[in-house]
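There are 2 protein chains.
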Amino acid sequence: MYFPSWLSQLYRGLSRPIRRTTQPIWGSLYRSLLQSSQRRIPEFSSFVVRTNTCGELRSSHLGQEVTLCGWIQYRRQNTFLVLRDFDGLVQVIIPQDESAASVKKILCDAPVESVVQVSGTVISRPAGQENPKMPTGEIEIKVKTAELLNACKKLPFEIKDFVKKTEALRLQYRYLDLRSFQMQYNLRLRSQMVMKMREYLCNLHGFVDIETPTLFKRTPGGAKEFLVPSREPGKFYSLPQSPQQFKQLLMVGGLDRYFQVARCYRDEGSRPDRQPEFTQIDIEMSFVDQTGIQSLIEGLLQYSWPNDKDPVVVPFPTMTFAEALATYGTDKPDTRFGMKIIDISDVFRNTEIGFLQDALSKPHGTVKAICIPEGAKYLKRKDIESIRKFAADHFNQCSLLGKLRLECADLLETRGVVLRDPTLFSFLWVVDFPLFLPKEENPRELESAHHPFTAPHPSDIHLLYTEPKKARSQHYDLVLNGNEIGGGSIRIHNAELQRYILATLLKEDVKMLSHLLQALDYGAPPHGGIALGLDRLICLVTGSPSIRDVIAFPKSFRGHDLMSNTPDSVPPEELKPYHIQVSRPTDFKVSAH
Amino acid sequence: MYFPSWLSQLYRGLSRPIRRTTQPIWGSLYRSLLQSSQRRIPEFSSFVVRTNTCGELRSSHLGQEVTLCGWIQYRRQNTFLVLRDFDGLVQVIIPQDESAASVKKILCDAPVESVVQVSGTVISRPAGQENPKMPTGEIEIKVKTAELLNACKKLPFEIKDFVKKTEALRLQYRYLDLRSFQMQYNLRLRSQMVMKMREYLCNLHGFVDIETPTLFKRTPGGAKEFLVPSREPGKFYSLPQSPQQFKQLLMVGGLDRYFQVARCYRDEGSRPDRQPEFTQIDIEMSFVDQTGIQSLIEGLLQYSWPNDKDPVVVPFPTMTFAEALATYGTDKPDTRFGMKIIDISDVFRNTEIGFLQDALSKPHGTVKAICIPEGAKYLKRKDIESIRKFAADHFNQCSLLGKLRLECADLLETRGVVLRDPTLFSFLWVVDFPLFLPKEENPRELESAHHPFTAPHPSDIHLLYTEPKKARSQHYDLVLNGNEIGGGSIRIHNAELQRYILATLLKEDVKMLSHLLQALDYGAPPHGGIALGLDRLICLVTGSPSIRDVIAFPKSFRGHDLMSNTPDSVPPEELKPYHIQVSRPTDFKVSAH
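Chains as they are written, first to last, in numbering that gives the first Met the number 0: chain U, 0 to 592; chain A, 0 to 592.
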């Protein structure tokens with residue numbers, strides 16, 4: 000196998016040659032992902048008929064006999080064609096002499112996007128014809144033999160990045176869309192980053208990768224869980240929203256350090272930019288505190304961060320939930336820019352302006368402001384008008400100022416101010432969340448702010464028995480550029496405390512969780528963990544507009560697979576073994592009459 | 000962090016210190032899994048309160064102040080206790096002096112399997128009291144402080160490997176069963192082996208780890224697929240039996256080399272040693288032939304093979320399907336021992352023995368035999384009788400001789416002959432399977448021997464149009480010690496051929512696969528792949544009696560989770576959003592009246 004050019008690049012240390020703001024070039028970005036002084040470049044041509052990938056050929060290969068396999072990207076006047084594989088593009092000269100007529104015919108007749116195999120010699124391009132924008136731009140292939148491996152029929156759209164397609168069309172022909180540079184880059188970056196996370200967790204820190212079931216029991220109040228009918232009449236499995244119970248049980252089982260790249264399921268009906276199945280980096284540790292988990296995750300992201308991005312700086316800043324709400328009007332602040340919310344009540348303490356006087360006279364009444372730097376310079380009258388309307392539309396929502404801040408940032412950016420640098424990744428821990436929230440439907444009752452296994456803040460345990468509403472938790476969220484990309488907590492390991500919270504404070508039916516409560520009785524170690532939303536994280540890292548761009552075969556926002564027409568009808572006889580019948584909405588009406 | 004003892008062991012090259020036939024000792028086997036000159040030992044005590052694991056302490060730690068966390072394994076006369084964590088056992092001296100009364104009380108009062116944290120000094124055991132059978136047997140801990148982290152209530156069974164429990168009890172209290180040495184070893188070996196497979200595929204050979212959906216469309220004839228009702232009346236997702244379609248579509252999408260540790264689902268009702276969800280190492284490559292896939296897999300198993308087993312020797316031998324049937328009477332021969340089936344027709348060509356004459360006079364009639372070496376010495380009269388009965392019971396089943404061979408091997412082993420060395424791993428490729436088989440319910444029609452995407456053998460393509468029954472395929476199975484642990488094939492990449500096989504030969508409704516057929520039209524590269532059954536493989540590697548022993552939370556053979564009582568009933572109002580109703584068997588009867 001030949002890969003001297005890869006290796007030489009590796010040792011020349013050409014990491015991060017291209018910033019995301021630069022026009023992407025086939026092969027360059029993906030190769031840069033792999034470049035690091037600690038990593039060996041994989042053998043991409045082992046076990047197969049090709050000797051090299053299209054994208055790896057350089058001047059150092061001159062004179063070598065190579066066999067390449069790829070797709071015809073483009074052909075010019077029957078003189079040359081550009082061959083593409085996952086690694087890049089290479090120019091192939093179509094032979095014009097009579098003796099090579101059959102080779103010429105194969106290469107000239109094959110439609111664009113046909114798959115061909117060519118063998119020939121790597122030669123220099125004629126002087127002046129080098130293409131410095133193309134990584135393989137110094138060389139071309141003088142073909143000796145060619146074989147058409149598969150012809151391509153007329154395509155529904157051109158496989159060129161500059162050809163814009165609707166997302167529905169892209170999803171319908173996902174196997175063609177995957178040939179685009181951006182999708183190749185996104186999926187390979189995802190694979191690389193997850194691999195490095197595994198190395199960090201498994202090889203450096205002794206975590207055990209353990210698979211947990213996805214056919215499980217319905218959790219109390221699990222209204223968003225998909226059901227799976229079993230062959231026992233009326234009995235169902237449920238697809239869990241996370242391996243929460245299992246990972247805690249693994250700690251009780253003494254596994255000490257667990258992780259899993261876990262498939263999770265949530266049936267939220269139609270929600271934009273959500274997926275019915277999604278993936279989380281799921282982690283749990285014994286004998287750990289909040290600081291331990293935070294350091295672990297900081298190291299994890301630093302270790303796995305792609306080479307073509309600026310390195311991650313650790314430790315990440317920390318902010319309390321209360322501070323985040325007061326300063327940014329949200330529990331997931333975008334800390335790439337300022338424009339914080341400032342309490343200016345004191346300025347107006349003696350004001351005669353009526354509506355401010357009104358506000359300040361109320362208990363806890365405050366006047367708050369956001370200062371937009373050079374706002375007067377950038378914002379136009381209609382911008383101010385739209386801000387005023389936005390405020391009016393969201394009046395009385397406590398998150399108004401947070402939303403207003405983001406709205407103002409959007410406006411400033413449309414006016415050309417760069418507030419949120421796309422190459423900047425601003426991580427933030429948000430901590431000290433409340434343990435409980437008043438139930439929406441009955442504010443006198445409590446519900447868990449996150450989930451009922453979250454441990455109370457050590458300073459607030461006494462409040463559980465006096466003013467539980469005031470108790471803070473040991474929950475922590477990880478925020479990146481204003482997006483929640485992870486959350487976790489130290490868990491309750493004391494069975495009595497867990498029972499008190501479930502039964503007395505939350506008034507849950509503890510029977511459905513009896514196995515977990517019992518497990519806590521049998522020597523459960525103190526433990527805690529976290530889950531990172533992998534799809535969202537990769538989406539932010541790649542700067543993709545939607546998580547659908549970092550998933551090979553995503554569902555549409557209605558939960559459909561547009562390529563295969565999923566979900567689909569099932570003949571009634573195939574429902575019989577599961578003892579279910581379809582009750583169409585009209586059937587309900589009929590039976591109600 | 001202290002791990003000099005790990006490192007020194009690593010560089011002293013203590014790999015494979017213990018054979019599986021030896022009595023397992025806590026810590027030793029797991030540590031040996033990690034020992035290899037190429038691998039760094041993980042930091043097991045990073046981010047947590049302990050300074051060391053219980054199992055890692057040696058004479059080299061003498062004098063060090065350590066903090067340990069673990070479970071009380073055992074206590075003797077209030078003088079010492081043995082503390083356990085995942086890494087092993089260590090002896091802790093309970094202080095007897097008045098000033099340490101509170102420490103003594105904690106350590107003496109805590110029930111066995113309680114979780115404690117102790118800090119103290121590593122000291123030598125008094126001369127003569129060393130325990131050479133215990134990896135930490137030269138030292139003990141002189142405790143200064145102790146904390147009870149969680150007390151343990153009375154256990155349903157003792158956490159000791161020699162205490163035999165029923166499997167139902169083990170599954171009901173799985174979180175306790177996981178504390179056993181064997182389960183810790185099995186799950187950690189699994190994690191390690193999968194990690195090494197990922198390194199081989201991803202880092203050495205450029206495979207891309209791609210997640211494919213598990214909520215998908217029902218495949219034609221997919222009678223064993225679980226259904227998942229959607230919120231659209233009468234529309235269902237299906238949990239696929241494998242990512243077969245997706246991996247082929249990824250090749251059409253130019254991903255070149257795909258792998259996934261893929262969760263798969265199969266609803267087979269109650270089947271011993273099967274699981275409704277299981278895991279396969281799923282692989283697909285472009286531009287590859289059968290030899291390429293075989294070399295890849297041989298390298299994969301060699302690279303990922305545990306250090307405490309004998310190394311894997313490659314290449315694996317290959318046998319045709321026809322030869323396997325003729326010589327071993329099965330398509331998954333156990334090649335650890337001989338006793339092959341021999342055709343002795345010629346010996347009896349002129350026989351006067353009636354039943355042999357009868358057999359030989361029929362078309363293709365043969366007389367075959369198995370020679371049991373020293374059978375007369377080992378087998379008793381009642382053994383011969385049981386073989387005769389077995390033969391009579393299975394008469395006229397073509398696999399009779401293959402089963403008889405295994406039956407004889409079982410008998411010989413009960414008589415003390417070691418035929419199948421438990422430390423021997425005998426891999427075998429079985430190739431040249433038939434492409435089609437006659438349908439069971441209608442032998443004049445054909446069905447795929449494996450699946451309809453399998454490419455025909457290059458020499459047999461012409462037979463598809465004349466005698467399809469005789470066509471061999473490019474399918475290959477990987478067999479280990481008589482168990483099929485993997486299977487794959489070169490796929491059809493030509494749309495016309497795929498249509499001909501699906502529509503004309505198999506008479507399938509091609510509409511359900513129209514997306515795949517269309518994909519083949521748009522420049523699908525030649526491709527092939529394989530899937531290894533991970534649960535079965537790890538079961539064989541660890542020598543476990545059941546695949547349930549290598550899965551953290553397995554289902555019982557009836558598909559139940561005995562810990563949480565799954566599957567379970569669901570209130571009717573939670574079925575409404577999915578437009579389904581339960582139709583109990585009695586309901587059917589009533590409506591039939």
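Backbone N, C-alpha and C define an ideal beta-carbon position, used for all residues, glycine too.
Return the Cβ separation of Y414 of chain U and R335 of chain U in integer angstroms, given the expectation that the two are a contact with Cβ distance under 8 Å. Translated into the one-based positions of the first sequence, residue 414 of chain U becomes position 415. Translated into the one-based positions of the first sequence, residue 335 of chain U becomes position 336. A quick correction: the sequence has Arg, not Tyr, at residue 414 of chain U. With a Cβ gap of about 17 Å, R414 of chain U and R335 of chain U do not count as contacting.
What does T565 of chain A reach in chain U if we use C-beta pairs closer than 7 Å? The sequence position of residue 565 of chain A within the second sequence is 566, counting from 1. Those are F215, K216, Y236, listed as they occur along chain U.
Compare the beta carbon distance of P455 of chain A and L462 of chain A with 9 Å and say whether it is the shorter of the two. Within the second sequence, numbered from 1, the residue matching residue 455 of chain A stands at position 456. Within the second sequence, numbered from 1, the residue matching residue 462 of chain A stands at position 463. Yes.
What are the partner residues of R262 of chain A, as DSSP defines its beta bridges? The sequence position of residue 262 of chain A within the second sequence is 263, counting from 1. Answer by DSSP bridge pairing, in chain order: A:T278.
Between the region 239–256 of chain U and chain A, which residues of the former have a C-beta closer than 7 Å to a C-beta of the latter? F245, L248, L249, V251, G252, G253, L254, D255
Taking 8 Å as the cut-off, is the C-beta of K159 of chain A nearer than that to any heavy atom in the ligand NAP? The ligand content of the structure shown is nil, which means the ligand NAP is not present either.
Is the shortest distance between the beta-carbon of Q580 of chain U and the beta-carbons of chain A less than 9 Å? On the first sequence, position 581 is the one that residue 580 of chain U refers to. Answer yes: the Cβ-Cβ gap between Q580 of chain U and chain A drops below 9 Å somewhere.
Any beta carbon of chain U sitting closer than 9 Å to that of N149 of chain A? Translated into the one-based positions of the second sequence, residue 149 of chain A becomes position 150. Chain U, which has a Cβ nearer than 9 Å to the Cβ of N149 of chain A, makes this yes.
Can you tell me whether DSSP reads S269 of chain U as helix, strand or coil? As a first step, residue 269 of chain U must be located in the first sequence, where it is residue number 270. S269 of chain U falls in the coil class under three-state DSSP.
Completely contained alpha helix (DSSP H) runs for the region 73–135 of chain A, where each covers 4 or more residues: 100–108
Check for me: the alpha helix (DSSP H) holding L427 of chain A runs from which residue to which? Along the second sequence, one-based indexing puts residue 427 of chain A at 428. Run containing L427 of chain A: none in the alpha helix (DSSP H); it sits in the beta strand (DSSP E), 426–430.
Specify, as a first and last residue, the run of the beta strand (DSSP E) that L352 of chain U falls within. The residue given as residue 352 of chain U occupies position 353 in the first sequence. Correcting the residue identity first, residue 352 of chain U is Ile in this sequence and not Leu. Note, I352 of chain U: premise wrong, no beta strand (DSSP E); not H, not E.
Helix, strand or coil: how does DSSP classify C201 of chain A here? Sequence index remark: in the second sequence, residue 201 of chain A carries index 202 (1-based). In this structure, C201 of chain A counts as helix in the three-state DSSP scheme.
Would you call the CB atoms of V142 of chain A and S118 of chain A closer than 9 Å? Here residue 142 of chain A refers to the residue found at position 143 of the second sequence. Here residue 118 of chain A refers to the residue found at position 119 of the second sequence. Yes, they are a contact pair.
How many Å lie between L186 of chain A and L519 of chain U at the Cα? Locating residue 186 of chain A in the second sequence gives position 187, where the first residue counts as 1. Locating residue 519 of chain U in the first sequence gives position 520, where the first residue counts as 1. So the two alpha carbons sit approximately 22 Å from each other.
I want to verify the contact list: residues of chain U whose CB lies under 7 Å from the CB of L154 of chain A, in sequence order. Residue 154 of chain A sits at position 155 when you count from the first residue of the second sequence. The contacting residues are Y521.
Return the chain-ordered list of same chain residues with a C-beta closer than 8 Å to the C-beta of T623 of chain A, the five sequence neighbours on each side being excluded. Summary: the structure shown does not reach residue 623 of chain A, with chain A confined to residues 0 through 592, and so no result is reported for it.
Tell me the residue span of the alpha helix (DSSP H) that contains T413 of chain U. Taking the first sequence and counting its residues from 1, the one referred to as residue 413 of chain U is at position 414. T413 of chain U -> alpha helix (DSSP H) spans 399–413.
When you compare only the Cα positions, how much space is there between I40 of chain U and N202 of chain A? Counted from its first residue, the first sequence places residue 40 of chain U at position 41. Counted from its first residue, the second sequence places residue 202 of chain A at position 203. About 7 Å.
Under 8 Å, with one C-beta from each stretch per pair, do the region 421–430 of chain U and the region 299–310 of chain U reach the 3-pair mark? yes
Distance between beta carbons of G252 of chain U and D174 of chain A, contact taken as under 8 Å: Here residue 174 of chain A is taken as the residue at index 175 of the second sequence, counted from 1. Here residue 252 of chain U is taken as the residue at index 253 of the first sequence, counted from 1. According to the sequence displayed, residue 174 of chain A carries Tyr and not Asp. That pair is a contact at about 5 Å.
What does the Cβ neighbour count give for E373 of chain A, buried or exposed, with the cut at 16 atoms within 10 Å? By one-based count along the second sequence, residue 373 of chain A stands at place 374. Answer is exposed; the Cβ neighbour count stays below 16.
Have a look at the DSSP bridge pairing and note the partners of A145 of chain A. Within the second sequence, residue 145 of chain A is the residue found at index 146, counting from 1. Answer is A:V117, bridged to A145 of chain A.
Can you pull the chain U neighbours of P275 of chain A, defined as C-beta to C-beta under 7 Å? In the second sequence, residue 275 of chain A corresponds to position 276, counting from 1. Within 7 Å Cβ-Cβ: L214.
Among A:H578, A:S563, A:L61, A:S303, which has the Cα closest to the Cα of A167 of chain A? Working through the second sequence from its first residue, we reach residue 167 of chain A at position 168. Measuring from the Cα of A167 of chain A, the nearest candidate turns out to be A:S563.
Simplified DSSP assignment, three categories, for Q580 of chain A: If you number the second sequence from 1, residue 580 of chain A lands on position 581. In this structure, Q580 of chain A counts as strand in the three-state DSSP scheme.
When the cut-off is 9 Å and only beta carbons count, does A100 of chain A lie next to chain U? Walking along the second sequence from the start, residue 100 of chain A turns up at place 101. So no, A100 of chain A is outside the interface.
Below 9 Å on C-beta distance, what does H492 of chain A contact in chain U? Within the second sequence, residue 492 of chain A is the residue found at index 493, counting from 1. Going along chain U in sequence order, the residues near H492 of chain A (Cβ under 9 Å) are V114, L148, N149.
On the premise that I371 of chain A lies in contact with M338 of chain A, defined as a C-beta separation below 8 Å, what is that separation, rounded to the nearest angstrom? The count along the second sequence starts at 1 and reaches residue 338 of chain A at position 339. The count along the second sequence starts at 1 and reaches residue 371 of chain A at position 372. Contact flag correct, Cβ pair sits at about 6 Å.
Along the chain, where does the alpha helix (DSSP H) containing L462 of chain A start, and where does it finish? Numbered from 1 along the second sequence, position 463 holds the residue referred to as residue 462 of chain A. 462–465 is the extent of the alpha helix (DSSP H) around L462 of chain A.
Tell me, please, whether the region 534–541 of chain U touches the region 146–156 of chain U by the rule of three or more beta-carbon pairs shorter than 8 Å. no
Can you give the Cα-Cα distance for L496 of chain A and I460 of chain A, rounded to whole angstroms? Within the second sequence, the letter at position 497 stands for residue 496 of chain A. Within the second sequence, the letter at position 461 stands for residue 460 of chain A. One C-alpha to the other measures close to 10 Å.
Could you check where the beta strand (DSSP E) with G532 of chain A kicks off and where it finishes? Start at 1 with the first residue of the second sequence, and residue 532 of chain A comes out as number 533. First-last of the beta strand (DSSP E) with G532 of chain A: 526–532.
Do P576 of chain A and K216 of chain U come within 9 Å of each other at the CB atom, strictly closer than that value? Within the first sequence, the letter at position 217 stands for residue 216 of chain U. Within the second sequence, the letter at position 577 stands for residue 576 of chain A. Going by C-beta atoms, K216 of chain U is not nearer than 9 Å to P576 of chain A.
Residue from A:L254, A:A321, A:T211 whose Cα sits closest to the Cα of I280 of chain A: Taking the second sequence and counting its residues from 1, one reaches residue 280 of chain A at position 281. Ranking A:L254, A:A321, A:T211 by Cα distance to I280 of chain A puts A:T211 first.
Proximity test, Cβ basis, 9 Å: L6 of chain U and chain A: Looking up residue 6 of chain U in the first sequence gives position 7. Any reading at L6 of chain U needs caution, since the residue's pLDDT is 28, under 50, leaving its predicted position unreliable; the model's value is listed next. Closer than 9 Å: no.
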